[in-house]
Every structure is written in C-alpha cells, then in structure tokens.
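In my numbering, the protein residues as written are -17 to 315.
The C-beta atom is built at its ideal place from N, Cα and C for all residues, glycine as well.
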C-alpha cells in the first residue's frame, strides 16, 4: 500500500471510514462481521482508521476499541468529538456542542470506548457556531498538552474557520465530504490545507455508494438510512443522476478499473495531501477499494472523468437545508 503523510504520521494512501459498521446506511452488520472488516483492512495494509463519538452513539468506537486494541501500535487512530449522542427523556439524540466542557467529556468517553490512552488525530466533528472556533480548539489543545490527544483536526469547516483555528493550535487534518459529485472543497479548503501543511481527509469518496455504480434503486433504502432525506437521493433526482453512470462505467472499463476504483483513484491523483477514507461492510468491496491505489490516471483521463460527473451535471443539493446550516463549508452558487 502506498503511504501519505498526515502531520507526524505516515498512513496508508487509502484509510478506512468505520462509520457504516455501526451507523448510517440502514441495518449495520453484526459485530462479528464488523470485526472481520477491521482486521481484513489492517492485514491489507490500511493504517488509518476513522471513527467518531457520534457513530452508533458510541458503539462504533467500542467496536474499534475491542477489535483493534491488540494491534494499537500498527495504525493511526482518528476519532471526533463535539457532536455526540445525549440522553433525553425520549431517548438518545444527536447534539452539536463545541463547548470546552463537552469537548473534554467527549474525549474522555472516546478514550474509554476505544480502550486507548491516546487518540492520534482528534477532530472537532462540527463547528458549534454558538462557540467561537478559537474556544473549541483551545479546549482541544488542552487535550494535546494533557497527552490524551496527539494532533488536532476539523470536520466540515470553511477555509476562513480553518485559518482561525490554526492560529490557536496547528491543525493536522481537515475532514470533509469530497468526491466527483461533491466538489465544494475545491473552492478554498483544499488550497488552505496545502498552505498550512494539513492533510485533507475525504469522507464519502464514493458519493455514498453512487460512484460504485451498484446502488440503483432508492426505493430500497431503509427508513433510518441517512441518504433517505438527502435531495440527491430523492426518486426524481436520483433517476436523473443515474443517467450519468453509463458513460462513467464505460470510462472505468476503458481504463481497466471498476467504477469505485476510478472514483478513489481520481481523488488520489488530485493532490498528494488528500487521503480518502471509504467505508464498507463487505470484504470484496474492501479489496476492490484498496485496489484503487494501483490505478494510474493520465491527465486526459482525469479531464474526461471530471467532465462526466461534477457539480453542474449532478442533480440535487448535497444536504437538506437544515444539514447545510450545520456545516461551515463553502458552497457553489
């Protein structure tokens, strides 16, 4: 496996997003199946594992902690706080809270769940706009000084917010959705990361399954699937987006790779500071995804694939209006 730097760490060029082993895309796999995915990724050379307090309201961190504790020295561990499950009278609910108190609480919970003394890369999962970013990052920097966290990251932030945060404490990585069909990072954040020496960690690099060219029927989505309310996955919009796939899959075949590999290879070729973290619940899909590291794309192939799927050709916005209000990323007009 090729490697790329994230701050002081050298990690596999493709990491593993662990979220869907516990959360988000319908019924998650069993813990035993999740364990098989985690260990297979490690054996295949993956050395960046990404989780969060939010995923499964702590169950994902517990899975990663239980399975990966014996191998802790072999990989870089990333998790996130500032957005977690909070118990109310009517059940657990997702709460964005970037206060220093919440950040300290989330980190302590994550350390217990992950069964580790230190988290290598700790992200602020969302910027809580009620709290100055300087205050949230200041509290996170206290965790570094206490030896509970090695480096800091931010998720779903604008270039301006990144620079403010970096002035308080060095930011090692920014994690944001980035794929052929979500190009918002190209507006400013990719360049800002390069300027300050931060890595850019791309989540949902396969467009939540769209770019694998396997998912064709939104009617099959589970009621709790996070894609269900997303505008791009409405029946009308998704039907329009599916029309982009024949030319895309044909190009992948011409280039000697699968559609999923083309999407990941495109990211790897965009810039050397980009590290995609696809997630999967299937061993064969894991092997396929990691195979993207060997795909070589010419400048002509890059231009052709970018012309096929981009912000102008995709129908529907990335998030609902409410979800868009919770992130701090730049948006295309």
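- Taking the C-beta atoms as reference points, residue 311 is found no nearer than 8 angstroms to residue 213.
- Beyond the five residues adjoining it in sequence on each side, residue 298 comes within less than 6 angstroms, by CB distance, of 213, 214, 219 in the same chain, given in chain order.
- Sorting -12, 86, 38 by C-alpha distance to the C-alpha of residue 126 places 86 at the top.
- If you keep only unbroken beta strand (DSSP E) runs of at least 3 residues inside the stretch 155 to 217, you get 181 to 185.
- Remark: C-beta atoms of residue 265 and residue 18 approach each other more closely than 8 angstroms.
- The shortest C-alpha to C-alpha distance from residue 229 to any of 183, 190, 283 is the one to 283.
- Straight-line spacing of the CA atoms in residue 165 and residue 129 works out to 36 angstroms.
- For residue 120, the uninterrupted alpha helix (DSSP H) run begins and ends at 115 to 127, by DSSP.
- When 66, 54, 27, 28 are compared, the shortest CA-CA separation from residue 41 is found for 66.
- DSSP places residue 81 outside both helix and strand once states are collapsed to three, so it counts as coil.
- Residue 25 sits exposed, since fewer than 16 C-beta atoms from the chains shown fall within 10 Å of its C-beta.
- Nearest Cα to residue 217 within the set 187, 260, 21, 198: 198.
- Classified as exposed, residue 74 has fewer than 16 neighbouring CB atoms from the shown chains inside 10 Å of its CB.
- With fewer than three CB-CB distances shorter than 8 angstroms, the stretch 160 to 179 does not count as touching the stretch 130 to 138.
- Residue 253 has no beta-bridge partner at all, per DSSP.
- Counted as a single uninterrupted DSSP element, the alpha helix (DSSP H) harbouring residue 44 occupies residues 41 to 50.
- The beta carbons of residue -2 and residue 28 sit closer together than 8 angstroms.
- When the Cα atoms are used, residue 123 and residue 151 turn out to be separated by approximately 6 angstroms.
- By the criterion of at least three beta-carbon pairs nearer than 8 angstroms, the stretch 283 to 293 is not in contact with the stretch 253 to 263.
- Contact check for residue 260 and residue 203: beta-carbon distance about 19 angstroms, past the 8 angstroms limit, so the pair fails to qualify.
- Ranked by Cα distance from residue 192, the options 180, -15, 246 are led by 246.
- One Cα belongs to residue 71, the other to residue 51, and the distance between them is close to 34 angstroms.
- Within a 10 Å sphere around the beta-carbon of residue 206 sit fewer than 16 other beta-carbons, which makes this residue exposed.
- Cβ contact annotation for residue 5 (same chain, cutoff 7 angstroms, sequence separation greater than five): 37, 38, 42, in chain order.
- Of the other Cβ atoms in all chains shown, fewer than 16 fall within 10 Å of the Cβ of residue -8; this residue is therefore exposed.
- Pairing residue -12 with residue 103 gives a Cβ-Cβ distance under 8 angstroms.
- DSSP, read as helix, strand or coil, puts residue 92 in helix.
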